[in-house]
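Student: To convert, take the position in the sequence shown, counting from 1, and add 142; that gives my numbering.
Where a beta carbon is used, it is the ideal one built from N, C-alpha and C, also for glycine.
Pasting in a structure now, in structure tokens, and then I'll have a few things to ask.
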Amino acid sequence: MVQGDSKTMSETNQSTSDTPTSTPGFTPKRFPGIDYTQRPQSYWDDSSVLHATLRNVKGENRRRLIRDFHSLEQLDQVEPGLAKDILTTPERESLGRIHPTFLGGEYLPDYRTAETEIARIVLDSTLRDVISLRARRTKTGFLRYSIVDEYEGEFFYPKLPSRDPLTLGQIVDWIDQTRIDGNSDDGYGLGLIFTVSNFTEGEDAHRLENFTTVESDLYPELAQHYSRLSSEWATATFLESKEGEDREEIIRCLIKIEWADNEADADAFLKRHGR
């Protein structure tokens, strides 16, 4: 994995244009039932107590614990240390001794002045690695965007609008057009690249359906978009791997991997996908 946005792309994003630049040949992905025109009024709106608490908390597991407290209407009982934006080195090491996944997100770069996270990509890896999408308000009032992770890599993406918060569609297109320096699976954006990389290294497609999650309190339907994208990829990849196999064998496999409860479900699954 990687961390930090490239100098080239950082300079590009100083533009004040409100028209995004697209990668040549890029086709936006859209699913029915999702409002891709949704745009938050501000990236710094703290009208939601939960959002105000979570806004710049780096650690993924700590964020999940805070959400659990909120769902139980016990947000006021969250320990102050749990809701800190940034932990000290001893605090991080202490969490890591509980379980390696508690380190996920804790080593993201510190936030710059007037910078906030607007979305994050979470990987179901050993350390629950996190990629952070951020926006920063400049002194001139324009927005600057960046992508960082915990490993000092570079991310490359087209110019983004800089006057107003992005729409959900623009966030999706930003993620899908972002490429990682040195990654061979460059036909995929950040929403699938790590999933596909694990598949090419030998992992089964059905085990990777939920490997990558994309989430944002500011864009409630962002997670749904990428859940559907991942499911679509996993299904297509699975069926491609079964090309030429006996239908009954595929049905048995669908039941074994728990994509179907019984033969009737498996048969219906195959029919839905033209098999």
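Sort G247, S213, L192 and L302 by Cα distance to I228 and report the nearest one.
Tutor: For the residues G247, S213, L192 and L302, the minimum Cα distance to I228 belongs to G247.
Student: What is the rounded straight-line gap between the Cα of R234 and the Cα of H241?
Tutor: Rounded to the nearest angstrom, the two C-alpha atoms are 11 Å apart.
Student: Using the Cα positions of D409 and I393, report the straight-line distance between them to the nearest angstrom.
Tutor: In a straight line, the C-alpha of D409 is about 7 Å away from that of I393.
Student: Suppose only complete runs of 3+ residues qualify. What are the beta strand (DSSP E) ranges in the region 247 to 332, listed by chain order?
Tutor: Entirely contained in the region 247 to 332, the beta strand (DSSP E) runs reaching 3 residues are, in chain order, 257 to 265, 272 to 279 and 285 to 290.
Student: Around the C-beta of H367, are 16 or more other C-beta atoms found within 10 angstroms, so that it is buried, or is it exposed?
Tutor: When all chains shown are included, H367 counts as buried.
Student: Cβ of T379 within 8 Å of Cβ of F341?
Tutor: Against a cut-off of 8 Å, the Cβ pair of F341 and T379 comes out as a contact.
Student: To which residues of the same chain is F173 closer than 7 Å at the C-beta, ignoring the five residues directly before and after it?
Tutor: Excluding residues within five positions, the ones whose Cβ falls inside 7 Å are H367 and R370.
Student: Would H415 be called buried (16 or more neighbouring beta carbons within 10 Å of its own) or exposed?
Tutor: Classification for H415: exposed.
Student: Is it buried or exposed for S236, if we count other Cβ within 10 angstroms and need 16 for buried?
Tutor: So S236 ends up on the exposed side.
Student: In whole angstroms, what separates the C-alpha of Y299 from that of S274?
Tutor: Going by the C-alpha atoms only, they are around 14 Å apart.
Student: Nearest to L302 by CA position, among R286, P222 and S189, is which residue?
Tutor: Nearest C-alpha to L302: R286.
Student: Three-state secondary structure (DSSP) at V220?
Tutor: If DSSP states are grouped into helix, strand and coil, V220 belongs with coil.
Student: Threshold first: 3 residues or longer. Then list the beta strand (DSSP E) segments lying entirely within the region 334 to 383, N to C.
Tutor: Segments of the beta strand (DSSP E) lying fully in the region 334 to 383: 354 to 357.
Student: With 16 other CB atoms within 10 Å as the buried threshold, where does Y185 fall?
Tutor: Per the 10 Å Cβ criterion, buried.
Student: If we count the other Cβ atoms within 10 Å of its Cβ and call it buried at 16 or more, is T280 buried or exposed?
Tutor: Exposed, since its Cβ has fewer than 16 Cβ neighbours within 10 Å.
Student: So, does the region 217 to 225 touch the region 253 to 268, judging by three or more C-beta pairs under 8 Å?
Tutor: Contact fails: fewer than three Cβ-Cβ distances are below 8 Å.
Student: Can you give the Cα-Cα distance for F296 and R389, rounded to whole angstroms?
Tutor: For the sequence presented, residue 296 should be read as Glu rather than Phe. Going by the C-alpha atoms only, they are around 44 Å apart.
Student: Once DSSP output is grouped into helix, strand and coil, what is the label at K226?
Tutor: Three-state DSSP puts K226 in coil, outside helix and strand.
Student: Around the C-beta of S288, are 16 or more other C-beta atoms found within 10 angstroms, so that it is buried, or is it exposed?
Tutor: S288 comes out buried.
Student: Sort R349, R205 and T255 by Cα distance to L396 and report the nearest one.
Tutor: The shortest Cα separation from L396 among R349, R205 and T255 belongs to R349.
Student: Does the region 189 to 204 come into contact with the region 306 to 324, if we say contact requires no fewer than three beta-carbon pairs (one atom in each stretch) closer than 8 Å?
Tutor: Contact between the region 189 to 204 and the region 306 to 324 is absent, because fewer than three Cβ pairs lie under 8 Å.
Student: Where D291 and E387 are concerned, what is the direct C-alpha to C-alpha distance, given to the nearest angstrom?
Tutor: Their Cα atoms are separated by approximately 41 Å.
Student: Drop a sphere of 10 angstroms on the beta-carbon of D315, count the other beta-carbons inside from all chains shown, and report buried for 16 or more, exposed for fewer.
Tutor: Answer is buried; the Cβ neighbour count reaches 16.
Student: So, E202 versus V264, is the Cβ gap smaller than 8 Å?
Tutor: Contact: yes.
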